[in-house]
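Keeping their order, the protein sequence lines are chains A and B.
Residue numbering for the first sequence follows my numbering, starting at -9 and increasing by one per position.
Residue numbering for the second sequence follows my numbering, starting at 11 and increasing by one per position.
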Amino acid sequence: MRKTVAIIGGGITGMEAAIQINKLGHTVHVFEKDEKLGGHVAQWDHVFPNQRKAREIINELTCQISEEINIHLSSFVEKISQIDDSFVIKSDNNELKADAIVLASGFELFSASKKEEYGYGIFENVITSVDLERMFVEKGHPFMRNGEIPQRIAFIHCVGSRDEKVKRTYCSKVCCITAVKQAIEVKESIPEASVYNLYMDLRMFGPGYEDMYQKAQQKGITFIRGRLSEASEVENNRILIKTEDTLSSRPIKMTVDLIVLMIGISPSLANNQILSDLKLEPNKDGFAEIADDHLSPTHSKVKGVFIAGACTGPCSITDAINASRSASVEVHHYLNQV
Amino acid sequence: MRYHPFVLPFSFGLAFLLIYTSIIWIRWINRLSENDKQLLRKNLFSFNTLAAIREVFMESLMHRKIFRKNVFLGFMHMSLAFGWFMLILIGNLESRTYTAGRINPPYFPIFFKFFRHDLAPLKKLEAYFGFWMDFFLLIVLLGLSLAFIKRAHSKVLGIKRTTKHIIIDKIALTSLWFIFPLRLLAEGFSAALYKTGNFLTSFMGDEILSGIASPTLYLQAWWAYSIALGIFFITLPFSRYMHIPTEILLIFLRRYGVKEKEQHSSFTKIEINACSRCGICIDACPITALPESSETQSAYFLREMRYDKPTNNQNESCLLCMRCEEACPVGIEITRIRENERKEYQLFASESYNYLTSPKNAAKGKVAFFAGCMGHLTPGVIKATLALFKAANVNYTFIDEEGSICCGRPLMQNGQTDAGISLRQINKDLILNSGAEILVSSCPICTREFIEHYVLGIPVFHHSQYILELAMSKKLSFRNNSTKIVYHDPCELSRGLNIIEEPRQLLRLAGELIHSPENSGKQQSLCCGGSLGNTNLSANQRKSIAENTLSGILSDKADIVATACPLCKKSLACSNKNIEILDIAQIMLEALIAPKFIPENTVESTKMESNLTYSPEINSIISE
Ligand SMILES: Cc1cc2nc3c(=O)[nH]c(=O)nc-3n(C[C@H](O)[C@H](O)[C@H](O)COP(=O)(O)OP(=O)(O)OC[C@H]3O[C@@H](n4cnc5c(N)ncnc54)[C@H](O)[C@@H]3O)c2cc1C
Ligand code: SF4
Ligand code: SF4
Ligand code: SF4
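This is the structure we're talking about:
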């Protein structure tokens, strides 16, 4: 008898899981709260490590989604209840009984206005990495609020990550490399611009990341080790930033046209409800907790509930796809055994 | 019979107590500064002495302030103190009357019912004395039962936590608890055997003890009573009960104008000993609600000060929020004592900040605006305040626009006086060089420091006061959009500067103020947990304090939380509660009816998410 699998979240993790689990011969239902699939990746312009179009990835996944897969768009999963070995998933306009669940509900962006000292939402030329992606999608280059092309741009790393003051002590993993990628793109779109990156550490852990960092340096992008202390607005709505160059131990004050806040990956609030419905505890950073750090990276602590992608913590697209496939195999074994 | 050996424990205890406390009192008074002694001499024969006597009666006996905080607690303290006092007073009158005015040894009135069984010489007064003695004994016993309930089930009396006592306090407390039941027992036996009782003691004698009453038990009961008294008197000077004589001395000295100084003094010793460890400050302290148990609260801090040295944790975890001081019925200047205690170590030298110079300001506005370092971390507050100034056509200079040098208060709060004073000088130059006639700051911490410790010669206002002033003089007008606002009082503004009504008055022009019991507009407001006075609590502990505070003041009806301090704003915003926290200036800017001459906004906005959207007119003022 065919078994039913419910996938919560239609980002790349949910899409990949749907494709794989369907191929393994089970009935799949994907619940996505937005009107379209793709999750956060659908908002990005080009992606690291190879600056390929994000659209391509989404399109490729979409092509693989067969007719058999049931996609429920605009369906926010608000409640899940467990009856013996099966689950009842209640969304905005649907109720479904499933034998297993894949939680692929992703992350939330850190709200930059929580770091008020950086002036997001207050100074017009303070934007986030996500706003910058949008500018690239819309115009192919960054611009100031008055429409002018910025000549001096500073990227601020670790906004809402590794910061006890906003209760987020973990590293968001993808923002260093995203900042390097975006710095290169800014330099490519405005060659005469001066671009600065203010970082704490540069975490270039993935394949191809270090090469991108080398490329950025060759393009003349300046890397300053120091955390932004505060920003203020000066004439013509330019931004005065203050930091300390911790390599040479001297305070730095500089005025730029635009600052880009590299906002971190935060646990999603909507997840909390689902986790508590399933009697799962979030981990210490607030993400869904995996059953074993090494050997069960896609099991949750509840039988029949599998977790993958950014809902378990910061991850890249490659990580998300890997986790998704791992979860699919686990789901398959689980369904064959019950 | 006028003597029996059982009076010895009592007499010895009393003698010891009197001699010991007199020596201590004399030592304390002797070691007061010359200045304080002069105050004492000057005021001794003045109206202040009468006022002090009245205060001793109201506070040490009636415990009026505790009554106001909690009726049960007040009754408990009052019945014990006033009841006992009346027993002594009436007992003395009774024995004096009996012996026709002859001076009796001190134990005689206390053990009167042992020495005199034939009450005929009291004639008609016998019934009166008997009644009132029994009446006050009953009152004391009632108070005692409340004390008992408080120890066992404090919540019944509306007290969340009682003080954890040390061994000497436990001994004193136990002997105190035994005194009055033993007195009832002893007098009950007297009543059973010799018919000396009134309503209470006769009841005890006739109904309860009549079956077992015997001369041996009778004598043993009087021995036990005397021993309990003796133990209590001997332990008193070393236990919390030293507060009884000390509080009296404190009340007199305070009435004469003696205060805490910049360092600990003999007066500090008196204040520390006047703490009764009643524990009222424990419930008041925001740290108490944290899951980790700690002894930071002032009852414990002062105890440590008295016997030994406060621990680093006790010293540094305190937020200096002043809630304990506000709650303390004895009126101990706890915050001053805490600040002075922190002065022991100077981590920074006065030269530490020599490299700083006060920036020069070319512009010379009438009003100097000072945002402070916290203000610079909340640019939204600065922007909104200046937009209101522009709308009201205020001629101002933003004197620390280029960056702020700390006003010095956080250093002073942490006892770093050398460095703190050097910063004061730099800012004082900055303010006076600006040539302004008025100083306005959006930070209560700076405002308080300027008012209390900078001698500037110009008026200093908190921005909430100044914006209210602009509204009152019709330079600004607001539209009340019935937003439901909960106002959080910053500690430095409410308890520190007593600016409580002005921000509320202002907010009422913009919306509807919502009140909760924890937010009644008095000086008991809660602390946001962010205080710079604390250097020890973890970010998580501070966050839980912020969350407790928000839960305390929020109601379901509220749309917005308003505050008037950049630090409070930041601390409260870090909590998990899903509500917007705004500074009073931001709220007023949203409610502002823009002046006519401002041109229409023409700037096109990009699609940025922002949680602050002003009307187009106002946007144009901001970006002017
Ligand atoms: C600024 C930025 C740039 C990045 N750039 C790159 C890059 O260049 N290369 C790269 O490899 N990675 C990049 N990443 C990381 C990448 O975005 C993530 O790895 C990826 O989004 C993870 O996908 P996901 O499906 O797990 O989560 P998401 O993308 O968050 O998708 C989760 C989906 O679940 C839906 N959902 C959530 N809750 C519910 C619910 N209760 N009911 C129904 N639906 C729900 C959401 O609507 C969403 O569509 C970047 C990240 C950031 C922040
Ligand atoms: S990846 Fe880099 S920018 Fe992002 S949190 Fe980690 S260290 Fe900070
Ligand atoms: S400090 Fe005041 S409130 Fe606290 S225990 Fe002592 S007397 Fe009571
Ligand atoms: S000042 Fe505040 S934090 Fe410190 S002991 Fe008193 S109530 Fe507690």
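The beta-carbon is built from N, C-alpha and C at its ideal position, and this holds for glycine as well.
> Between A:Cys301, A:Pro241, A:His289, which lies nearest to Leu259 of chain A when the distance is taken from Cα to Cα?
Replying inline: For the purposes of this step, residue 259 of chain A is taken as residue 269 along the first sequence, with counting starting at 1. If we check each option's Cα against that of Leu259 of chain A, A:Cys301 comes out closest.
> How would you list, in chain order, the residues of chain A whose beta-carbon sits under 8 Å from the beta-carbon of Thr395 of chain B?
Replying inline: On the second sequence, residue 395 of chain B is found 385 positions in, with the first residue counted as 1. Those within 8 Å of Thr395 of chain B in chain A number zero; the least Cβ separation is about 12 Å.
> Taking Cβ to Cβ, would you say Ser318 of chain A is nearer than 8 Å to Ala94 of chain A?
Replying inline: Walking along the first sequence from the start, residue 318 of chain A turns up at place 328. Walking along the first sequence from the start, residue 94 of chain A turns up at place 104. No, the pair does not count as a contact, with Cβ atoms beyond the cut-off.
>> Would Asp82 of chain A and Ser64 of chain A be called neighbours here (beta carbons separated by less than 8 Å)?
In response: Within the first sequence, numbered from 1, the residue matching residue 82 of chain A stands at position 92. Within the first sequence, numbered from 1, the residue matching residue 64 of chain A stands at position 74. A contact, by the Cβ cut-off of 8 Å.
> Taking C-beta to C-beta, are Ala556 of chain B and Ser530 of chain B nearer than 8 Å?
Replying inline: Here the question's residue 556 of chain B lines up with position 546 in the second sequence. Here the question's residue 530 of chain B lines up with position 520 in the second sequence. 8 Å or more divides the Cβ of Ala556 of chain B from the Cβ of Ser530 of chain B.
> Roughly how many angstroms lie between the CA atoms of Lys232 of chain A and Ile214 of chain A, to the nearest whole one?
Replying inline: On the first sequence, position 242 is the one that residue 232 of chain A refers to. On the first sequence, position 224 is the one that residue 214 of chain A refers to. Take the alpha-carbon of Lys232 of chain A and the one of Ile214 of chain A: they are about 12 Å apart.
> How close, in whole Å, do the beta carbons of Leu14 of chain A and His322 of chain A come, if the pair is a contact with beta carbons under 8 Å?
Replying inline: Within the first sequence, numbered from 1, the residue matching residue 14 of chain A stands at position 24. Within the first sequence, numbered from 1, the residue matching residue 322 of chain A stands at position 332. About 4 Å; that satisfies the 8 Å criterion.
>> Is it buried or exposed, Cys288 of chain B, if we count other Cβ atoms within 10 angstroms and call 16 or more buried?
In response: Start at 1 with the first residue of the second sequence, and residue 288 of chain B comes out as number 278. Per the 10 Å Cβ criterion, buried.
> DSSP three-state call for Thr168 of chain A: helix, strand or coil?
Replying inline: Sequence index remark: in the first sequence, residue 168 of chain A carries index 178 (1-based). Helix.
> Cβ of Gly289 of chain B within 7 Å of any heavy atom in ligand 3?
Replying inline: Against the second sequence, residue 289 of chain B aligns to sequence position 279. Yes; taking the cut-off as 7 Å, the Cβ of Gly289 of chain B has a heavy atom of ligand 3 nearer than that.
> chain A partners of Cys584 of chain B, CB-CB under 8 Å?
Replying inline: As a first step, residue 584 of chain B is located in the second sequence; it is residue number 574 there, counting from the start. Against Cys584 of chain B, the close residues of chain A are Lys104, Lys155, Val156, Lys157, in the order they occur along the chain (beta-carbon pairs closer than 8 Å).
> In terms of DSSP beta bridges, what is Asn84 of chain A paired with?
Replying inline: Residue numbering aside, residue 84 of chain A sits at position 94 when the first sequence is read from its first letter. Looking at the DSSP output, Asn84 of chain A sits in a beta bridge with A:Ser81.
>> Three Cβ pairs or more, each shorter than 8 Å: is that satisfied between the segment 65 to 84 of chain B and the segment 268 to 276 of chain B?
In response: As far as the Cβ criterion goes, the segment 65 to 84 of chain B does not touch the segment 268 to 276 of chain B, which means the pair count is below three.
>> For ligand 3, is there any heavy atom lying closer than 7 Å to the beta carbon of Ser249 of chain B?
In response: Position 239 of the second sequence, counted from the first residue, corresponds to residue 249 of chain B. Ser249 of chain B Cβ: outside cutoff for every heavy atom of ligand 3.
> Taking 7 Å as the cut-off, is the CB of Met202 of chain A close to at least one heavy atom of ligand 2?
Replying inline: Sequence index remark: in the first sequence, residue 202 of chain A carries index 212 (1-based). Placement of the Cβ of Met202 of chain A at a distance of 7 Å or more from every heavy atom of ligand 2 is found.
> Can you give, in chain order, each stretch of the beta strand (DSSP E) that sits fully within the segment 574 to 602 of chain B and has at least 3 residues?
Replying inline: As for any beta strand (DSSP E) of minimum length 3 sitting wholly inside the segment 574 to 602 of chain B, the runs are 590 to 593, ordered along the chain.
> By the 10 Å Cβ neighbour count, where 16 or more other Cβ atoms means buried, how is Arg240 of chain A classified, buried or exposed?
Replying inline: Sequence index remark: in the first sequence, residue 240 of chain A carries index 250 (1-based). Counting other Cβ atoms within 10 Å of its Cβ, Arg240 of chain A stays below 16 and is therefore classed as exposed.
> Buried or exposed: where does Gln204 of chain A fall if 16 or more other Cβ atoms within 10 Å of its Cβ makes it buried?
Replying inline: Residue 204 of chain A sits at position 214 when you count from the first residue of the first sequence. Label assigned to Gln204 of chain A: exposed.
> Just to confirm, are Ile342 of chain B and Val66 of chain B a CB contact at a threshold of 8 Å?
Replying inline: Your numbering for residue 342 of chain B matches position 332 in the second sequence. Your numbering for residue 66 of chain B matches position 56 in the second sequence. Not a contact, by the Cβ cut-off of 8 Å.
>> For ligand 5, I want to know if Lys163 of chain A counts as a neighbour, meaning its beta carbon is within less than 7 Å of at least one of the ligand's heavy atoms.
In response: This structure simply doesn't include ligand 5; it includes ligand 1, ligand 2, ligand 3 and ligand 4 instead.
> Quick one: what's got a C-beta closer than 8 Å to His131 of chain A's C-beta in the same chain, skipping five residues either side?
Replying inline: For this step, residue 131 of chain A is matched to residue 141 along the first sequence. Cβ neighbours of His131 of chain A beyond the five flanking positions: Met125, Ile139, Val176, Ser179, Ile180.
>> Which runs of the alpha helix (DSSP H) at least 4 residues long sit entirely within the segment 113 to 189 of chain A? Give them in chain order.
In response: Unbroken alpha helix (DSSP H) runs of no fewer than 4 residues, entirely contained in the segment 113 to 189 of chain A, are found at 119 to 129, 164 to 179, following chain order.
>> Shorter than 7 Å, the distance from the beta carbon of Glu50 of chain A to the closest heavy atom of ligand 1, or not?
In response: For the purposes of this step, residue 50 of chain A is taken as the residue at position 60 of the first sequence. Incorrect: Glu50 of chain A has no Cβ contact closer than 7 Å to ligand 1.
>> Which residue wins for smallest C-alpha separation from Asn350 of chain B, given the options B:Ser308, B:Met422, B:Ile237, B:Cys334?
In response: To locate residue 350 of chain B, count along the second sequence from 1; it is residue 340. Of the listed residues, the one whose Cα sits closest to Asn350 of chain B is B:Met422.
> Do Leu503 of chain B and His463 of chain B have their CB atoms nearer than 8 Å?
Replying inline: As a position in the second sequence, residue 503 of chain B is number 493, starting the count at 1. As a position in the second sequence, residue 463 of chain B is number 453, starting the count at 1. Taking 8 Å as the cut-off, the Cβ atoms of Leu503 of chain B and His463 of chain B do not count as close.
> In terms of alpha-carbon separation, which member of A:Gly196, A:Ser151, A:Cys166, A:Gly28 lies closest to Phe145 of chain A?
Replying inline: On the first sequence, position 155 is the one that residue 145 of chain A refers to. Closest by C-alpha distance to Phe145 of chain A, out of A:Gly196, A:Ser151, A:Cys166, A:Gly28, is A:Cys166.
> What is the DSSP secondary structure of Val66 of chain B, reduced to helix, strand or coil?
Replying inline: Taking the second sequence and counting its residues from 1, the one referred to as residue 66 of chain B is at position 56. DSSP places Val66 of chain B in helix when its eight states are reduced to three.
> Just to check, is the beta-carbon of Ala429 of chain B closer than 7 Å to a non-hydrogen atom of ligand 3?
Replying inline: As a working mapping, residue 429 of chain B is identified with position 419 in the second sequence. Answer for Ala429 of chain B: no, Cβ out of range of ligand 3.
> How about the segment 119 to 137 of chain B and the segment 99 to 109 of chain B: do they share at least three Cβ pairs that are nearer than 8 Å?
Replying inline: Flag = yes, the segment 119 to 137 of chain B and the segment 99 to 109 of chain B touch.
>> Considering Cα atoms alone, identify which of B:Leu366, B:Gln515, B:Ala309, B:Leu54 is closest to Val340 of chain B.
In response: By 1-based counting over the second sequence, the position of residue 340 of chain B is 330. Between Val340 of chain B and the set B:Leu366, B:Gln515, B:Ala309, B:Leu54, the nearest pair of CA atoms involves B:Ala309.
> Between which two residues does the beta strand (DSSP E) carrying Val377 of chain B extend?
Replying inline: Here residue 377 of chain B corresponds to residue number 367 of the second sequence, with the count starting at 1. Counting along the chain, the beta strand (DSSP E) containing Val377 of chain B begins and ends at 377 to 380.
> Is it right to say Ser185 of chain B is buried, meaning 16 or more other beta carbons lie within 10 angstroms of its own, or is it exposed?
Replying inline: Locating residue 185 of chain B in the second sequence gives position 175, counting from the first residue. Classification for Ser185 of chain B: buried.
> Lys75 of chain B to Arg126 of chain B, Cα distance in whole Å?
Replying inline: Reading the second sequence from its first residue, position 65 is the one you call residue 75 of chain B. Reading the second sequence from its first residue, position 116 is the one you call residue 126 of chain B. Distance between the alpha carbons of Lys75 of chain B and Arg126 of chain B: 40 Å.
>> Are there any heavy atoms of ligand 4 lying less than 7 Å away from the beta-carbon of Met332 of chain B, as far as the coordinates show?
In response: Taking the first residue of the second sequence as position 1, residue 332 of chain B is located at position 322. Within the chosen limit of 7 Å, ligand 4 reaches the beta carbon of Met332 of chain B through at least one heavy atom.
>> Please report the straight-line C-alpha distance between Leu51 of chain A and Ile2 of chain A, rounded to a whole angstrom.
In response: The residue labelled residue 51 of chain A in the question sits at position 61 within the first sequence. The residue labelled residue 2 of chain A in the question sits at position 12 within the first sequence. Between the alpha carbons of Leu51 of chain A and Ile2 of chain A lies a gap of roughly 8 Å.
>> So that I know if they touch, is there some Cβ in chain A lying closer than 8 Å to that of Leu387 of chain B?
In response: Residue 387 of chain B sits at position 377 when you count from the first residue of the second sequence. The beta carbon of Leu387 of chain B falls within 8 Å of a beta carbon belonging to chain A, placing the residue at that interface.
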